[in-house]
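Q: The structure under discussion is supplied below as structure tokens; questions concerning it will follow.
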Amino acid sequence: PLQDGSVTMSEVKDERPVRLRAEDVEDLAVMAALLQDARITLREMVFDPVEHSFIAAFIRYRRELMPDPTSCEGLTERRSALRFDCVEMVKHRNLDPEDLDRELTLLTIATAPGERYLFHIELVFDEGVQIQLRTDCIDTLLEDFGPVERCRKTPCAPSSTTSPTFVLSSLITRFLALE
């Protein structure tokens with residue numbers, strides 16, 4: 001690794017940035033998978049009611065390059081911007097708007113039908129934090145920026161409640177409980 005923490009080309013299979021557009025629920029599921037366990041602070045999120053956009057700058061793990069996506073050996077990270085357009089309203093739960101530097105870990109992006117608006121898109125974080133975007137359409141862009149770096153913080157710590165295996169088993173358990 002280089003002194004600034006970035007990684008040489010020989011250490012990374014693919015330096016090309018991810019750039020994806022979501023226009024439906026299935027596309028959002030792909031983005032949710034790419035952003036699972038991504039880190040962010042409230043300071044790195046903004047809702048612009050005039051432009052009807054919500055933008056969040058995450059640090060995401062690049063698991064899509066891993067032979068075993070549940071492993072952290074050789075895992076790298078990269079900054080990613082997630083932009084939702086057509087957003088009419090933003091609600092939140094278990095979030096202190098004054099705590100701008102609290103680090104959150106994204107567990108998933110979920111969608112549900114809305115009442116006043118067609119969709120409720122929920123960014124579900126650890127510790128019960130949720131941010132709900134109310135919109136009549138899905139128009140979302142995920143785009144990597146900045147250098148690829150070695151992980152400064154791994155999602156694979158023992159007994160982690162945000163590890164991919166724990167999150168997946170928790171979601172399956174919750175789903176089965178709904179039946």
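Here the numbering used here is used: position 104 in the sequence shown is 104, and no number is missing along the way.
Glycine included, C-beta positions come from ideal geometry on N, C-alpha and C.
Which of helix, strand or coil does DSSP assign to D48?
A: Walking along the sequence shown from the start, residue 48 turns up at place 48. The answer is strand: DSSP assigns D48 an E or B state.
Q: Could you pull out every residue in the same chain whose Cβ sits closer than 8 Å to the Cβ of A38, ignoring the five residues on either side in sequence?
A: By one-based count along the sequence shown, residue 38 stands at place 38. Here the set comprises F58, I59, R60, Y61, S80, T105, L106.
Q: Whole angstroms are fine: how far does the CA of R78 sit from the CA of R152?
A: Start at 1 with the first residue of the sequence shown, and residue 152 comes out as number 152. Start at 1 with the first residue of the sequence shown, and residue 78 comes out as number 78. If I take the Cα positions, the gap works out to 11 Å.
Q: With P181 and F145 assumed to form a contact (beta carbons below 8 Å), what rounded beta-carbon distance in angstroms separates them?
A: Residue 181 cannot be examined here, being either before or after the span of the chain that is shown, 1 to 179.
Q: I'd like to confirm the pairing. Which residues does DSSP put opposite S89 in its beta bridges?
A: For the purposes of this step, residue 89 is identified with residue 89 of the sequence shown, where counting begins at 1. The sequence shown places Met at residue 89, not Ser. Note: M89 is bridge-paired with R134 in the DSSP secondary-structure output.
Q: For L100, count the other beta carbons within 10 Å of its own beta carbon; 16 or more makes it buried, fewer makes it exposed. Which is it?
A: Within the sequence shown, the letter at position 100 stands for residue 100. Per the 10 Å Cβ criterion, exposed.
Q: Taking Cβ positions, are I131 and L123 nearer each other than 7 Å?
A: For the purposes of this step, residue 131 is taken as residue 131 along the sequence shown, with counting starting at 1. For the purposes of this step, residue 123 is taken as residue 123 along the sequence shown, with counting starting at 1. In this structure, I131 sits near L123, with a CB-CB distance shorter than 7 Å.
Q: Check whether the stretch 38–52 and the stretch 81–90 are in contact - that is, three or more C-beta pairs closer than 8 Å.
A: As far as the Cβ criterion goes, the stretch 38–52 touches the stretch 81–90, which means the pair count is three or higher.
Q: Do the CB positions of I109 and A32 come within less than 7 Å of each other?
A: As a first step, residue 109 is located in the sequence shown; it is residue number 109 there, counting from the start. As a first step, residue 32 is located in the sequence shown; it is residue number 32 there, counting from the start. A contact, by the Cβ cut-off of 7 Å.
Q: Just to check my reading of the structure: C72 and C137 have Cβ atoms closer than 8 Å, yes? What is that Cβ distance to the nearest angstrom?
A: By 1-based counting over the sequence shown, the position of residue 72 is 72. By 1-based counting over the sequence shown, the position of residue 137 is 137. Contact flag wrong, Cβ pair sits at about 36 Å.
Q: Note down the Cα distance separating V148 from L82, rounded to an integer number of angstroms.
A: Here residue 148 refers to the residue found at position 148 when the sequence shown is read from its first residue. Here residue 82 refers to the residue found at position 82 when the sequence shown is read from its first residue. Using only the alpha carbons, I get a separation of about 17 Å.
Q: Among L95, D24, E15, whose alpha-carbon lies nearest the alpha-carbon of D139?
A: As a position in the sequence shown, residue 139 is number 139, starting the count at 1. Ranking L95, D24, E15 by Cα distance to D139 puts D24 first.
Q: Looking at S53 and D85, is the spacing between their C-beta atoms short of 7 Å?
A: Walking along the sequence shown from the start, residue 85 turns up at place 85. Walking along the sequence shown from the start, residue 53 turns up at place 53. In contact: D85 and S53 (Cβ atoms closer than 7 Å).
Q: DSSP state of R63, grouped into three classes?
A: By one-based count along the sequence shown, residue 63 stands at place 63. Of the three classes helix, strand and coil, the one that applies to R63 here is helix, per DSSP.
Q: Give the secondary structure of V25 by DSSP, where H, G and I count as helix, E and B as strand, and everything else as coil.
A: Position 25 of the sequence shown, counting from 1, holds the residue named residue 25. Looking at V25 - three-state DSSP - the assignment turns out to be helix.
Q: How long is the line joining the alpha carbons of P117 and R134, rounded to whole angstroms?
A: By 1-based counting over the sequence shown, the position of residue 117 is 117. By 1-based counting over the sequence shown, the position of residue 134 is 134. The amino acid occupying residue 117 in the given sequence is Tyr; Pro does not appear at that position. Going by the C-alpha atoms only, they are around 6 Å apart.
Q: If I measure Cβ to Cβ from I121 and keep anything under 6 Å in the same chain, skipping five residues before and after, which residues do I get?
A: Taking the first residue of the sequence shown as position 1, residue 121 is located at position 121. Around I121: T111, L133.
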